[in-house]
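The opening residue of the sequence shown carries number 2 in this note's numbering; numbering runs sequentially from there.
Notes to accompany the following structure.
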Amino acid sequence: MGDKAHDDAVLVVGLGRFGSAMAAALDRMGHDVLAVERDPEIVQAWSGRLTHVVEADATSADALEQLGAADFRVAVVGIGTSIEASVLTTSTLVDMGVQQIWAKAITPSHGRILDRLGAHHVVYPEADAGERVAHLVGGRLLDFIEFDDGFAIVKMRPPRECQGFTLAQSKVREKYGVTVVGLKPPGEDFTYAQPDTRVRERDVLIVSGRTSLIEKFAGRP
């Protein structure tokens, strides 16, 4: 740890629900993760599940310097129990020149502070999850990813008006302004969609487009 050559190394501060999920996922993806947590019980619980877990108070600039935080290109501030601790840690990492700082925000005002401090990405996990689940509750959408500019990619069941027709015949793009990118028949792999691709009732579609237009398309019976 602590070598600027290791671009895949990530510092994760705070092992609450968000931080621990991030650390575990990054670890599974092959990143060299250093997790920092000040609660000794949490440190003990994760010490056998993550390669590098350190008990330290990340609000201390001295502690972060000793951990080599300045050598990390990416840091995640997942502190969720204390806005003050989150702000202090983020501010120190900004001062250290960490290139990418992802910081969890508890409230909009907290998020604005993190943004002004210089956090490169402010994340609202509860709000983001709530909005995503709201899109899935209706039943037709199977998965939903929205980007900052109001553009989304979804996995969904086809509306009845598409079933039994090719994409050229159903004119989805002309009618709704969204693009069917791919299609997955039951038990088969996804394939890229073509104008002559015929949509069946049990197929799964990958659709991209403006969020408002996708919502309109997904709302069709």
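We treat Cβ as the ideally placed atom computed from N, Cα and C, and that holds for glycine.
If you're wondering where the values come from, they're calculated on a predicted model, not measured in any experiment.
Could you tell me the distance, in whole angstroms, from the CA atom of residue i to the CA atom of residue j?
i           : j           : result
residue 28  : residue 48  : 13 Å
residue 125 : residue 91  : 15 Å
residue 145 : residue 218 : 14 Å
residue 55  : residue 138 : 39 Å
residue 215 : residue 19  : 29 Å
residue 99  : residue 72  : 8 Å
residue 67  : residue 58  : 11 Å
residue 60  : residue 131 : 30 Å
residue 84  : residue 108 : 9 Å
residue 39  : residue 15  : 8 Å
Quick one: measure Cβ to Cβ for residue i and residue j, integer angstroms, because I've assumed they're closer than 8 Å.
i           : j           : result
residue 208 : residue 179 : 5 Å
residue 13  : residue 79  : 6 Å
residue 223 : residue 97  : Absent from the structure is residue 223, since the part of the chain shown begins at 2 and ends at 222.
residue 155 : residue 168 : In fact, because the Cβ distance is near 16 Å, the residues do not count as touching under 8 Å.
Just reading off the beta strand (DSSP E) that residue i is part of, what are its end residues?
i           : result
residue 157 : 152–157
residue 209 : 205–211
residue 147 : 142–147
Can you tell me whether residue i is buried or exposed? The criterion is at least 16 other CB atoms within 10 Å of its CB, across all chains shown.
i           : result
residue 10  : buried
residue 269 : Residue 269 lies beyond the stretch modelled for the chain, which goes from 2 to 222, so this question has no answer here.
residue 151 : exposed
residue 177 : buried
residue 93  : buried
residue 30  : exposed
residue 134 : exposed
Considering just the uninterrupted stretch of the alpha helix (DSSP H) at residue i, what are its terminal residues?
i           : result
residue 183 : Run containing residue 183: none in the alpha helix (DSSP H); it sits in the beta strand (DSSP E), 180–185.
residue 32  : Per DSSP, residue 32 belongs to no alpha helix (DSSP H) and is neither H nor E.
If I measure Cβ to Cβ from residue i and keep anything under 6 Å in the same chain, skipping five residues before and after, which residues do I get?
i           : result
residue 161 : 222
residue 147 : 153, 212
Can you list, in chain order, the residues of its chain whose CB lies under 8 Å from that of residue i, leaving out five sequence neighbours each side?
i           : result
residue 223 : Missing from the structure shown is residue 223; the chain here goes from 2 to 222 and no further.
residue 51  : 24, 25, 28, 34, 36
residue 95  : 102, 118, 119, 120
Within its chain, find whatever has a CB closer than 7 Å to the CB of residue i; leave out the 5 residues flanking it on each side and keep chain order.
i          : result
residue 89 : 60
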